[in-house]
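Asker: Sharing a structure with you now.
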Amino acid sequence: MEKIIDQQLQGSALDRPERLGNTKKLYIESYGCQMNFSDSEIVASILAKEGYDTTTDLNQADLVLVNTCSIREKAEQTVRKRLETYNAVKKNNPSMKVGVLGCMAERLKSKFLEEEKIVDLVVGPDAYKDLPNLLDEVEAGREAVNVILSKDETYGDVAPVRLGGNGVTAFVSITRGCDNMCTFCVVPFTRGRERSRDPQSIIEEINDLALKGYKEVTLLGQNVDSYLWYGGGLKKDFKNASEMAQATAVDFAQLLDMVATAQPKMRFRFSTSNPQDMTRSVLYIMAKHPNICNYIHLPVQSGSTRILEAMNRQHTREAYMALIDDIRKIIPDCGISHDMIAGFPTETEQDHQDTLSLMDYVQYDFGFMFMYSERPGTMAARKMEDDVPDAVKKRRLTEIIERQQKHSALRTKNFVGKTVEVLIEKESKKDPSFWSGRTPQNTVAVFPKEQYQPGDFVLVHIEECTSATLIGKAVQMGNA
Ligand code: SAH
Ligand code: F3S
177 MEKIIDQQLQ
187 GSALDRPERL
197 GNTKKLYIES
207 YGCQMNFSDS
217 EIVASILAKE
227 GYDTTTDLNQ
237 ADLVLVNTCS
247 IREKAEQTVR
257 KRLETYNAVK
267 KNNPSMKVGV
277 LGCMAERLKS
287 KFLEEEKIVD
297 LVVGPDAYKD
307 LPNLLDEVEA
317 GREAVNVILS
327 KDETYGDVAP
337 VRLGGNGVTA
347 FVSITRGCDN
357 MCTFCVVPFT
367 RGRERSRDPQ
377 SIIEEINDLA
387 LKGYKEVTLL
397 GQNVDSYLWY
407 GGGLKKDFKN
417 ASEMAQATAV
427 DFAQLLDMVA
437 TAQPKMRFRF
447 STSNPQDMTR
457 SVLYIMAKHP
467 NICNYIHLPV
477 QSGSTRILEA
487 MNRQHTREAY
497 MALIDDIRKI
507 IPDCGISHDM
517 IAGFPTETEQ
527 DHQDTLSLMD
537 YVQYDFGFMF
547 MYSERPGTMA
557 ARKMEDDVPD
567 AVKKRRLTEI
577 IERQQKHSAL
587 RTKNFVGKTV
597 EVLIEKESKK
607 DPSFWSGRTP
617 QNTVAVFPKE
627 QYQPGDFVLV
637 HIEECTSATL
647 IGKAVQMGNA
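For the sequence shown, the working numbering assigns the number 177 to the initial residue and increments by one for each residue that follows.
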């Protein structure tokens, strides 16, 4: 899920609920994973009821909220820099309040108020419904912190205010938290236990998006494949195993089947899949529904079984390859992407070569590649020395990136001469006379605008490509 580009998201007038009389201004910025961007839309919705409209002008803000990421040290540094900027603005506008949301809030808790003098409130990912009370506390001049993690909060009952989107594609969260405990990862500590959202509320949100003209939905979770909803309620509501077995459970394959059937004209994607939890039934459901995009983001982190074990990844190199084989068999034209970490503790040159050879085996369409960054509190930080020198980490990362670029170029080249279905999302950044959208495999495609509009499904004949982008010409409207 995490498309870890530290991107900025700000409020827009798009899809704002009609609310008259809102007088206060909220400026909200998000960093890190897509879940954070999605959570900010929940926060905007909660605060709309408290009299806040969003603004994109920091100078006008009564309340500034920054939704933060702790995944790597660099992500935290970015946020600290932003806090300095807010501080400068606050000097001219002393009544402006500043709050920190998300993973950094959870990780640093009230330490934030001491360390960062400009922060007025600190709110963890499961405490957003408490924001109205916390703001009252701030108004009364008291410190406001709520970082309590929940076992059942899914915000299923909050209709998100869509922020800064394109009106065509949207994210719908289906699970929160993660129980996997990969040893390098801070997420289980900052986002808490895994829980699944009521399928009914998921379908309702999707139906509402369809009514508003959205054409593509990505189902979001740290680990979507372990989605599991027990008909009668949450796992903890059942007295014993047999009572639980009698309830009708919905797993991820069934959820996919339900959403694809409910909105046959919408495209569906999901992210992120964990190799150990991805079932073959999910692949068959993907193959069954033309409106589920043939694309899987399948982080692997390393190609060495020994490192995978040290990472507590619950699958071997061979099991991952077998899953890839099945994907290729069941969904022959499936796009596959990955996340990879270079320089995990104890990683040898041979482990690194195993990573490169795994990449050669899969020939991923694209990937998100990182240098290992030790995170306080994780198992790896507690039990292992961060012993791969920085220069070695960097060199290995460069080799991984270069290998990926080679594979990406091969993948995009395969599309040249073919006709693909593209959902138009927005104007191309490089050339305003071109539209930009994505193929089902999640590759960006651009083509001259002609009579087409954002939200149109268009068949595009691909004429040339770079390693990341397909360039072509629309031939006709698509079917969806
Ligand atoms: N399951 C999540 C993973 C979140 S973290 C999801 O939905 O995307 C995203 C990626 O960041 C991970 O897959 C991993 O490749 C990388 N990452 C996580 N912790 C890291 C660390 N300590 N150092 C470097 N990269 C890390
Ligand atoms: Fe992190 Fe592993 Fe979960 S990468 S989010 S602990 S699947």
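All C-beta atoms in this analysis are idealised placements derived from N, C-alpha and C, irrespective of residue type, glycine included.
Since we're looking at a predicted model, the values are computed, not measured.
Do you know whose CA, among Leu432, Thr359, Arg482, Tyr390, lies nearest Tyr403's CA?
Answerer: Looking at the Cα atoms, Leu432 is the closest of the given residues.
Asker: Measuring only the C-alpha atoms, how far is Glu290 from Met280?
Answerer: Those two C-alpha atoms are separated by around 14 angstroms.
Asker: Going along the chain, which unbroken runs of the alpha helix (DSSP H) with 4 or more residues stay wholly within the segment 478-564?
Answerer: Whole alpha helix (DSSP H) segments, 4+ residues: 481-486, 493-506, 525-538, 555-559.
Asker: Please list the segments of the beta strand (DSSP E) lying wholly inside the segment 606-636, counting only runs of 3 or more residues, in order along the chain.
Answerer: The qualifying runs are 610-614, 620-624.
Asker: Which residues, in chain order, sit with a beta-carbon under 6 angstroms away from any heavy atom of the ligand F3S?
Answerer: Residues flagged by the Cβ proximity filter: Cys354, Asn356, Met357, Cys358, Cys361, Val363, Pro364, Gln398, Asn399, Asn450.
Asker: State yes or no: is the C-beta of Leu395 within less than 9 angstroms of the C-beta of Val435?
Answerer: Yes, Cβ-Cβ distance for Leu395 and Val435 is below 9 angstroms.
Asker: When you compare only the Cα positions, how much space is there between Thr481 and Arg493?
Answerer: For Thr481 and Arg493, the distance between alpha carbons rounds to 5 angstroms.
Asker: Between which residues of its own chain and Thr647 is the CB-CB distance below 8 angstroms, once the five residues before and five after are set aside?
Answerer: For the record, residue 647 in the displayed sequence is Ile; it is not Thr. So the list reads Ala621, Val622, Phe623, Ile638, Glu639, Glu640, Cys641, once near-sequence residues are dropped.
Asker: Per DSSP, which one or two residues make a beta bridge with Thr394?
Answerer: Its beta-bridge partners are Phe347, Arg445.
Asker: Excluding five sequence neighbours on each side, which residues of the same chain lie with their C-beta closer than 6 angstroms to the C-beta of Asp306?
Answerer: Here the set comprises Asn322.
Asker: Determine the direct distance from the alpha carbon of Gly389 to that of Glu626, and round the result to whole angstroms.
Answerer: Rounded to the nearest angstrom, the two C-alpha atoms are 21 angstroms apart.
Asker: Apply the 10 Å Cβ neighbour rule to Tyr471 and answer buried if 16 or more other Cβ atoms are within range, or exposed otherwise.
Answerer: Buried, by the Cβ-count rule.
Asker: By the three-class DSSP mapping on this structure, what secondary structure does Asp229 have?
Answerer: Asp229 falls in the strand class under three-state DSSP.
Asker: What is the DSSP secondary structure of Ala224, reduced to helix, strand or coil?
Answerer: Three-state result, Ala224: helix.
Asker: Excluding the 5 residues flanking Asn342 on each side, which residues of the same chain have their C-beta closer than 8 angstroms to its C-beta?
Answerer: So the list reads Glu601, Lys602, Pro630, once near-sequence residues are dropped.
Asker: Taking all protein chains shown into account, decide if Val651 is buried (16 or more other Cβ within 10 angstroms of its Cβ) or exposed.
Answerer: Answer is exposed; the Cβ neighbour count stays below 16.
Asker: I'd like the span of the beta strand (DSSP E) that includes Ala320, first residue to last.
Answerer: Here the beta strand (DSSP E) through Ala320 covers 320-322.
Asker: Can you grab the Cα-Cα spacing for the pair Asp501 / Asp355, in whole Å?
Answerer: Each residue's Cα considered, the two are about 27 angstroms apart.
Asker: Taking the straight line between their C-alpha atoms, what separation do you get for Asn140 and Gly278?
Answerer: What is shown of the chain runs 177 to 656, which leaves residue 140 out entirely.
Asker: Alpha carbon to alpha carbon, how far is Tyr540 from Ala463?
Answerer: Cα-Cα distance, rounded: 19 angstroms.
Asker: For Ser402, name the three-state secondary structure that DSSP assigns.
Answerer: The answer is helix: DSSP assigns Ser402 an H, G or I state.
Asker: May I ask whether a heavy atom of the ligand SAH can be found less than 8 angstroms away from the beta carbon of Glu550?
Answerer: Yes.
Asker: Leaving out five residues before and five after Glu677 in sequence, what residues of the same chain have Cβ atoms less than 7 angstroms from its Cβ?
Answerer: Summary: the structure shown does not reach residue 677, with the chain confined to residues 177 through 656, and so no result is reported for it.
Asker: If we ignore side chains and look at the alpha-carbon of each, how far apart do His473 and Val568 end up?
Answerer: Those two C-alpha atoms are separated by around 27 angstroms.
Asker: Are the segment 198-209 and the segment 238-256 touching, with three or more C-beta to C-beta distances below 8 angstroms?
Answerer: Yes, since at least three Cβ pairs between the segment 198-209 and the segment 238-256 fall closer than 8 angstroms, the two stretches touch.
Asker: Where Ile483 and Asn590 are concerned, what is the direct C-alpha to C-alpha distance, given to the nearest angstrom?
Answerer: About 33 angstroms.
Asker: Could you give the distance in angstroms between the alpha-carbon of Glu260 and the alpha-carbon of Val596?
Answerer: Taking the straight line joining both Cα atoms gives about 46 angstroms.
Asker: So the alpha helix (DSSP H) Ser457 belongs to, where does it begin and stop?
Answerer: Per DSSP, Ser457 belongs to the alpha helix (DSSP H) from 456-464.
Asker: For the segment 225-233 against the segment 376-384, do three or more pairs of beta-carbon atoms, one drawn from each stretch, fall closer than 8 angstroms, so that the two count as touching?
Answerer: Touching, no.
Asker: Where does Gln184 fall in DSSP's three states?
Answerer: With a pLDDT of 35 at Gln184, under the threshold of 50, the modelled position of this residue cannot be trusted; read the value that follows with caution. In this structure, Gln184 counts as coil in the three-state DSSP scheme.
Asker: What first and last residue would you give for the beta strand (DSSP E) that runs through Leu646?
Answerer: Here the beta strand (DSSP E) through Leu646 covers 645-653.
Asker: Assign Asp384 to one of three DSSP states: helix, strand, or coil.
Answerer: Residue state, collapsed to three classes: helix.
Asker: With DSSP run on the structure shown, which of helix, strand or coil describes Ile294?
Answerer: Here Ile294 sits in coil by DSSP.
Asker: Shortest alpha-carbon distance to Val219 belongs to which of Val295, Ala498, Thr199, Asp333?
Answerer: Of the candidates Val295, Ala498, Thr199, Asp333, the one whose C-alpha sits nearest the C-alpha of Val219 is Asp333.
Asker: Going by C-alpha distance, which of Val362, Phe544, Gly613 is nearest Glu282?
Answerer: Nearest C-alpha to Glu282: Val362.
Asker: Where DSSP assigns a beta bridge to Ala585, which residues make up the other side?
Answerer: Its beta-bridge partners do not exist; DSSP assigns none.
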